[in-house]
Amino acid sequence: LNTLFWNLNYWDSISTVAGEADNPGKTIPKALGIAVVVVVLNYLVPLAVGIATTEQSSDWNTGYFYAVAVQVCGGQTWLGLWLLASAAVSNIGQFLAEMAADSYQLDGMADLGHIPRVFARRTRFGTPYVGILLSAAIVLLLTVVFGFKFIDLVELLNGVYCVSMIIEFAAFLTLRHRHDTTGDGPDSWRVPLPTWAMALMVTPAAFFCALVLVLPFIKGEWLQAFVPLILIVVGAAGYWLRSWCKADVVNGSPLLTRSTPDWGLDTSSHED
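Residue numbers (the working numbering): 330 to 601.
#1: Identify whether GLU427 lies in helix, strand or coil by the three-state DSSP scheme.
#2: ASN390 and GLU484 look like a contact to me (Cβ under 8 Å); what is the Cβ gap, rounded to whole Å?
#3: DSSP on LEU373, reduced to helix/strand/coil?
#4: May I ask which residues mark the beginning and end of the alpha helix (DSSP H) holding VAL563?
#5: What separation, rounded to the nearest whole angstrom, lies between the Cα atoms of LEU383 and ASN336?
#6: Do you know how far the Cα of TYR458 is from the Cα of SER415?
#7: Under a three-way DSSP split, which group does ASP351 fall into?
#8: Measure the alpha-carbon distance for GLY409 versus GLY379 and round it to whole angstroms.
#9: Please work out which residues of its chain come closer than 7 Å, Cβ to Cβ, to TYR395, disregarding the five sequence neighbours upstream and downstream, and give them in chain order.
#10: Less than 9 Å between the C-beta atoms of PHE498 and ALA526, yes or no?
#11: Can you tell me whether DSSP reads HIS443 as helix, strand or coil?
#12: Exposed or buried, ASN371, counting other C-beta atoms within 10 Å across all chains shown (16 or more means buried)?
#13: Would you verify that the beta carbon of ARG571 is, or is not, closer than 9 Å to some beta carbon of chain B?
#14: For GLN385, is the classification buried or exposed, using 16 other Cβ atoms within 10 angstroms of its Cβ as the cut-off for buried?
#15: Can you tell me the Cα-Cα spacing of ASP591 and GLY549, whole angstroms?
#16: Which term fits LEU373, buried or exposed, when burial requires 16 or more other beta carbons within 10 angstroms of its beta carbon?
#17: Where GLY460 and PRO358 are concerned, what is the direct C-alpha to C-alpha distance, given to the nearest angstrom?
#18: Mark TYR433 as exposed unless 16 or more other C-beta atoms lie within 10 angstroms of its C-beta, in which case mark it buried.
#19: Judging by CA-CA distance, which residue of LEU552, LEU504, VAL520, VAL369 is the nearest neighbour of LYS355?
#20: Between ASN338 and ASN487, is the Cβ-Cβ spacing less than 9 Å?
#21: Check whether the Cβ atoms of GLN633 and VAL399 lie closer than 9 Å to each other.
#22: Alpha helix (DSSP H) containing LYS548: first to last residue?
#23: Exposed or buried, which one is ASP577 when buried takes at least 16 other CB atoms within 10 Å?
#24: Starting from ILE461, follow the alpha helix (DSSP H) in both directions and report where the run begins and ends.
#25: For VAL579, count the other beta carbons within 10 Å of its own beta carbon; 16 or more makes it buried, fewer makes it exposed. Which is it?
#26: According to DSSP, is TRP335 part of a helix, a strand, or is it coil?
#27: What number of angstroms, rounded off, separates the C-alpha of ILE363 from the C-alpha of ALA350?
#28: Using three-state DSSP, classify CYS402 as helix, strand or coil.
#29: How about the stretch 341–350 and the stretch 420–440: do they share at least three Cβ pairs that are nearer than 8 Å?
In structure tokens:
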């Protein structure tokens, strides 16, 4: 369940790079719709072939697609090797995409003054390199120093992601209610549904996120269970300490300062 959830999540990460797209209000929904179709086919077609060529479901385990590919080709390994290579490239691409999205999140938080402004530093190409280095360092720390296995990292990431998604759903509905009440915010980003319909829309996903958070407690996996809770406490404490950090002075300037970045809310045109 955790691996399946990990393979199908992080669709919201595209929002952090919306400013890099031309006319994101139209381009991103269209791209997401195409991506959903491609991902569904990418899972259904290999699974259908595998089920058709496998006699017992008990044969399925991690990496079994390679055995299916060899069986389909009559014992030849070329398709299996090609499948392994494509899976490796896909995983690398997913990791780089998520790391890039995380770095832009840190960059945006630094622009708003929520975290130290060092995370807003960029290279001459506009790359937020500090966030990328931090993400890579955390992954190396967990895998090399602490010896976390892949499934352990997946379960930790799923727990943290579920917490962030529940917060996003709450913010989504809150901002929509505020927009309907005050009229603030750009209409170009408005979801064409009433508020009650959007609440129904996010309810199944919120329920599934809550289920993923509860499962480690049921299975007795205390590390995966308490890490999201610890991060919630740390995040809440960091929010309340933000005012103190803004008042702190380092070399004669505040530790946290807010800049006024161009968020590209006017989606009529966007230039790199």
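Glycine included, each C-beta is placed from N, C-alpha and C at the ideal position.
By the coordinates alone:
#1: helix
#2: The Cβ separation is near 18 Å, so there is no contact.
#3: helix
#4: 551–569
#5: The sequence given here places Thr at residue 383; Leu does not occur at that position. Whole-angstrom Cα-Cα distance: 23 Å.
#6: 27 Å
#7: coil
#8: 12 Å
#9: GLY409, LEU412, LEU413
#10: no
#11: coil
#12: exposed
#13: The question asks about chain B, but that chain is absent: this structure has only one protein chain.
#14: exposed
#15: Interpretation of ASP591 is limited by its pLDDT of 43, a score under 50 that renders its predicted location unreliable; the figure taken from the coordinates is listed afterwards. Taking the straight line from one Cα to the other gives about 46 Å.
#16: exposed
#17: 26 Å
#18: buried
#19: VAL520
#20: yes
#21: This structure leaves residue 633 out entirely; the chain is present only between 330 and 601.
#22: 524–548
#23: At ASP577 the pLDDT is 49, less than 50, meaning the model places this residue with poor confidence and gives no usable figure here.
#24: 458–469
#25: For VAL579, the predicted model reports a pLDDT of 44, less than 50, meaning its position is unreliable; a value from the coordinates is still stated below. Looking at its Cβ environment, which holds fewer than 16 other Cβ atoms inside 10 Å, VAL579 is exposed.
#26: helix
#27: 16 Å
#28: coil
#29: yes
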